[in-house]
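The structure appears right after this line, and notes come after that.
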Amino acid sequence: MSAITRDEVAHLARLSRLALADEELDHFAAQLDQIVAAVARVAEVAADDIPPSSHALPLTNVFRPDEVRPSLTPEQALSGAPAVEDDRFRVPRILGEEA
Amino acid sequence: MADTETLMPYDEALERFEPVLGLETHVELGTESKMFCGCPTEFGAPPNTHVCPVCLALPGSLPVANAEAIESTIRIGLALNCTIAEWCRFARKNYFYPDMPKNYQISQYDEPLCTDGYLDVVVDGQTVRIEIERVHLEEDTGKSTHVGGATGRIHGADYSIVDYNRAGIPLVEIVTKPIPGTDRLAPEVARAYVTELRELMRALGVSDVRMEEGSLRCDVNVSLMPRGASEWGTRTETKNVNSLRSVERAVRGEIERQAAILADGGRIIQETRHFHEDTGRTTSGRSKEEAQDYRYFPEPDLLPMAPDPEWVASLKAELPELPSVRRGRLQAEWGVSDLDMAAMHNADAIDLVEATVAAGAPAADARKWWMGELARRANEAGKPLAELPITPAEVARVTELVASGALNDKLARQVLEGVLAGEGSPDDVVAKRGLQVVNDEGELLAIIDKVLAENADAADKVRSGKVAAAGALVGGVMKASRGKADAARARELILEKLGVS
Amino acid sequence: MTELLHKTAAELGRLIAAREVSAVEVTQAHLDRIAEVEPKVNAFLHVDPETTLAQARAVDERIAGGERLGPLAGVPVAHKDVFTTTDMPTTAGSKILEGWRPPYDATVTSRLREAGLVILGKTNLDEFAMGSSTENSAYGPTRNPWDLSRIPGGSSGGSSAAVAAYEAPLSTGTDTGGSIRQPAAVTGIVGMKPTYGGSSRYGLIAFASSLDTPGPFARNVLDAALLHEAFSGHDVMDSTSIHAHMPPVVEAARQADIAGLRVGVVKEFGGEGYQPGVLARFHEAVELLESLGAKVVEVSCPSFGYALPAYYLIAPSECSSNLARFDAMRYGLRVGDDGTRSAEEVMSMTRAAGFGPEVKRRIMLGTYALSSGYYDAYYGQAQKVRTLISRDFDAAFHQVDVLVSPTTPTTAFPIGERADDPMAMYLADLCTIPTNLAGNAAISVPCGLADEDGLPVGLQIMAPVLGDDRCYRVGAAVEKALEDRWGGSLLTKAPALEGLGYQHG
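Residue numbers (this note's numbering), protein chains in the order written: chain G, 378 to 476; chain W, 505 to 1005; chain E, 4 to 508.
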């Protein structure tokens, strides 16, 4: 497995929305490299015919009936919001695609 | 914006290039509650009143899947002739966006509920089979309003305000396989497909499919390849296509735009484009300088779905009559040609004609009025036929009045005009405007005498056996009665008077 | 009323129900204890005597009104600050949620309330439950009551310390890779990880969804079973909740009989990296089981060696996605919103400022493991290891009724020792992780003190899925035999903390 470079950490930080300082990038690069080297051991298990488990237990088909339940009030919904305007969550300007 | 690209005229573009289409359609299901929580799905509620810990993604909240939404998705898949998965999972699609509360969308990735189906559409008398790649279930996002800035749009806005009422509404995504070979019919095929899909959703009763409210949304993929080439070109994905007409225009516009670029030696960039209703043009959206990596993985908060094959078979057996089958049946019942049926379909008139027939009108009459006078009126008003302020029952009443001889066609048109103008029911209009065929024989005979006296030459011709000349006399009677006379009766009486019966 | 502090929860519940003592008195005694020792222990992030006493008064009124409540009505409980509570802030030990007041109660919280338990406050934890020492809390470390220079385990270190320091008779925890069992072991108390899906995750701030399991802490096995029973069971709000009858945990804890039980010693857990004192106590416990009539055999679980690396791919992957919601838009911290910055910039600045280093590390590790191109080699392969571990357990439980091992390879280590060495820290969960990956039940009960440092050692008892009652049955048998030998609970050997703290004015 390839080692984790500083650039790769910068990319991961961008994908993860973490504005890391330069020294953090260096620090994390070294640590992540060490961790990845250790966890890469999972590749040693020859498991071509082994199905992956995404869940702890093999249960299926848990659904709820299509019934309305009480919603929060707008006051409750907005109670933790950093900024509110017109009963909506006010957020900084959004870059990217037009909705 | 700087999207002032040149376009190549459509005919020229099609002479040089062949289009390949792809359509991704999102349908908001008409369930009572949201996909993963119990909040209502009703459209147009005050902001942030249909939200709870789950659809706001408050810390600690968990999704539980709506059984009805899963059943609806399977029914859609079955109606589209898909294979229903015996075991599949939801997956998380990870990307950050403020209108998506969890910053991942619960969707399906490599294990959709329904795969490999098709939908046949008829365009220009020709049946085109649209192959369906997959039908899967996911959740909708919230809605941002962009505040400030010059345009009021996202670019240049100072900030945005977000309403999460829509977040978590179940959304079915229907993805076609690439559709080659449509040639110059590509825009019409695209439109016909979405129209057919919409009718299918209505027939299944799974969605109200109101495009103007966003409950059916379409992303249109288009690529071009030079004629004779075997490899498909780079495609663009046009989003925000929110009416049937726009689907057609978006395909046409994108063909014209791409053809101009390719003919100029340019390269198509794989990108998202946005359709503008006002101009019919597309503009470049998110630039993909960094390829999206959604880091899909199986949703650990939800268990796999394993629809029981017997249950699926029973759902299939209980599917309602599908629109294309219904059209075939109605065509046979009504005894109309393929061409007339296609015309009614394209004009969205089938439901209206059917309802008018159900209200008692003969099929031929119902079709005549909806596809004739009313279609003309709708066209003038620039609205869909169904939005004209007249009901099938009212149209049926007009046909009844004509059949009884109380109205003739000319008067019937005036009655329809009155109904459309809000003057009330057909009977109200007849009464208010005094529209009644003259069937008082005395009055009619008086008019005939007057007309015969004024047209002695013509009367003589008829007397001498030239019965064809009676037409002019009948015309005179109709004119003199301002259209209220019963033309057939007038003719009988004229011939009788002139002794040629 | 300090004698109230040393009573078991079962006894307190009985006294309160009999109205020999009021819930208010019991609560006040614990609030006083908290005021006394908290400055040294720092087990709690939030204590609000008024809110708590109001709950106690309400329970007293319900009892006075003749209402029949559960066996723990009026008994105080310390609640891990990763469960939402409408009447107390919920932070998950993170700056990013500082002061957040949830508009809803977690299912575990509501069940505690329904059973009449009195929530004393919210306990400290490693930020978002990521850690094995509680040093990763944004609000400072919790200290081990046995030795204040050492860690109380983690991530539920506030909950383990609160119970070990007699600040609460009971507490809640969550176990994702060992976060209940390991803190229980290093503080000399009982900690149970129920079968995954046996206790609801609704309102539990997620770390790794397919692993997180709420469970109880107590100073004895029966109390743990009573708390387990009080808040567990099926919940329609959690899709992964098991729709089955809860195993008879309380009955099993009372039964405490293991004659004829087949016990497997996991061959792979031992040897290098294990503290001699831990192994010595473990081997004594195995001999004890034999002396009580159990049949002990060695069992091999060859894939367990891959559990740790698989866990450190699966848990970070899930957390990278679970923690994406902390984005400064709807709740929590917002940093850098000066009117010029974009939402994306504000998200990134907030998350950089609001998350601590371990959380950032795991988010990036998970982002990496899920990235296209790496998914199959890391996440996909880790999920296959998960299957193999379940198969190992299945094979083992074919031969034996329970498996045993040390809970953790070492006793409590000094605060700061592994703080910047993630790999060393991760080893603390070596023996507990396989159970999380397979979803089965496991408990840690005290089995003595290590000779070299005099600190508690835990015995881990693992049972099959929905075999939670076996954990309690074996745990209670071991507890009874050892307490007979010791002449009381292991905690009586812990230093008294009285007088260490200053009195709150």
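Cβ coordinates follow ideal geometry from the N, Cα and C atoms, glycine included.
| Query | Result |
| --- | --- |
| Please classify Glu716 of chain W: is it buried, with 16 or more other beta-carbons within 10 angstroms of its beta-carbon, or exposed? | exposed |
| Under a CB-based cut-off of 9 angstroms, is Ala396 of chain G close to chain E? | yes |
| Mind listing the chain E neighbours of Ser431 of chain G? Cutoff is C-beta to C-beta under 8 angstroms, in chain order. | Ser213, Gln386 |
| Would you check if there are 3 or more beta carbon pairs closer than 8 angstroms linking the stretch 204 to 220 of chain E to the stretch 448 to 455 of chain E? | no |
| Whole angstroms are fine: how far does the CA of Ala865 of chain W sit from the CA of Ala935 of chain W? | 21 angstroms |
| Considering Cys543 of chain W, what are the terminal residues of the alpha helix (DSSP H) in which it resides? | Taken as a continuous stretch (DSSP letters only), Cys543 of chain W belongs to no alpha helix (DSSP H), as it is neither H nor E. |
| Taking 8 angstroms as the limit between beta carbons, can you name the residues of its chain near Gln796 of chain W, skipping five residues before and five after? | Tyr599 |
| Measuring straight from C-alpha to C-alpha, what distance separates Ile1011 of chain W and Ser202 of chain E? | For residue 1011 of chain W there is no data in the structure shown, the boundaries of chain W being 505 and 1005. |
| Any beta carbon from chain W within less than 9 angstroms of Gly339 of chain E's own beta carbon? | no |
| Here's a check: name, in chain order, each residue in its chain whose Cβ is nearer than 6 angstroms to the Cβ of Pro305 of chain E, leaving out the five neighbours to either side. | none |
| Mind checking who Met729 of chain W pairs with in its DSSP beta bridge? | W:Glu522 |
| Within 10 angstroms of the Cβ of Gln630 of chain W, are there 16 or more other Cβ atoms? Answer buried if so, exposed if not. | exposed |
| If you run the structure through DSSP and keep just helix, strand and coil, what is Glu1000 of chain W? | helix |
| Can you check which of these residues, E:Val302, E:Ala255, E:Pro425, E:Leu292, is closest to Val269 of chain E by C-alpha distance? | E:Val302 |
| Ordered along the chain, which non-local residues of its own chain (more than five positions away) have a Cβ less than 6 angstroms from that of Leu368 of chain E? | Pro319 |
| For the beta strand (DSSP E) containing Asp805 of chain W, list its first residue and its last residue. | Where Asp805 of chain W is concerned, there is no enclosing beta strand (DSSP E), given that its DSSP letter is neither H nor E. |
| Return the residue from the list W:Pro563, W:Tyr798, W:Arg695, W:Gly769 that minimises the CA-CA distance to Val755 of chain W. | W:Arg695 |
| Would you call the CB atoms of Glu528 of chain W and Thr680 of chain W closer than 9 angstroms? | yes |
| For Thr122 of chain E, report the span of its alpha helix (DSSP H) as first-last. | In the sequence as presented, Thr is not what sits at residue 122 of chain E; that position holds Ile. Not the alpha helix (DSSP H): Ile122 of chain E falls in the beta strand (DSSP E), residues 121 to 126. |
| Quick one: what does DSSP say Glu793 of chain W is sitting in, helix, strand or coil? | Unreliable placement is indicated for Glu793 of chain W, whose pLDDT of 46 sits below 50; no coordinate value is reported for it. |
| If we call anything under 9 angstroms between Cβ atoms a contact, is Ser324 of chain E one with Phe540 of chain W? | no |
| Looking at the unbroken beta strand (DSSP E) that takes in Val224 of chain E, where does it start and where does it end? | Taken as a continuous stretch (DSSP letters only), Val224 of chain E belongs to no beta strand (DSSP E), being part of the alpha helix (DSSP H) at 224 to 234. |
| Counting contacts by CB-CB distance shorter than 9 angstroms, is Asp644 of chain W in contact with chain G? | no |
| Would Glu793 of chain W count as contacting chain G if we go by Cβ distances under 9 angstroms? | Residue confidence for Glu793 of chain W is low, a pLDDT of 46 falling below 50, so the modelled location carries little weight; the figure read from the coordinates is stated next. It does not; no Cβ of chain G falls within 9 angstroms. |
| What did DSSP end up calling Glu958 of chain W once you bin it into helix, strand or coil? | helix |
| Could you tell me whether the Cβ of Ser664 of chain W comes closer than 9 angstroms to any Cβ of chain G? | yes |
| Which value, in whole angstroms, describes the spacing of the CA atoms of His246 of chain E and Ile418 of chain E? | 41 angstroms |
| Using CA coordinates, which residue listed in W:Ile580, W:Pro893, W:Ser841 is at the minimum distance from Glu700 of chain W? | W:Ile580 |
| Check Thr742 of chain W in the structure and name its three-state DSSP category. | strand |
| Check whether the Cβ atoms of Val460 of chain E and Gly218 of chain E lie closer than 9 angstroms to each other. | no |
| Check whether the Cβ of His507 of chain E lies closer than 9 angstroms to any Cβ atom in chain G. | In this prediction, His507 of chain E scores a pLDDT of 38, lower than 50, which makes its location untrustworthy; no coordinate-derived value is stated. |
| Run through DSSP, which three-state label would Arg337 of chain E get? | coil |
| For a cutoff of 9 angstroms on Cβ pairs, would you count Phe358 of chain E as touching chain G? | yes |
| With which residues is Glu677 of chain W paired in a DSSP beta bridge? | W:His530, W:His640 |
| Mind checking Gln386 of chain E: buried by the 16 CB within 10 Å criterion, or exposed? | buried |
| What's the call for Gly938 of chain W, buried or exposed, on a 16-neighbour Cβ count within 10 Å? | exposed |
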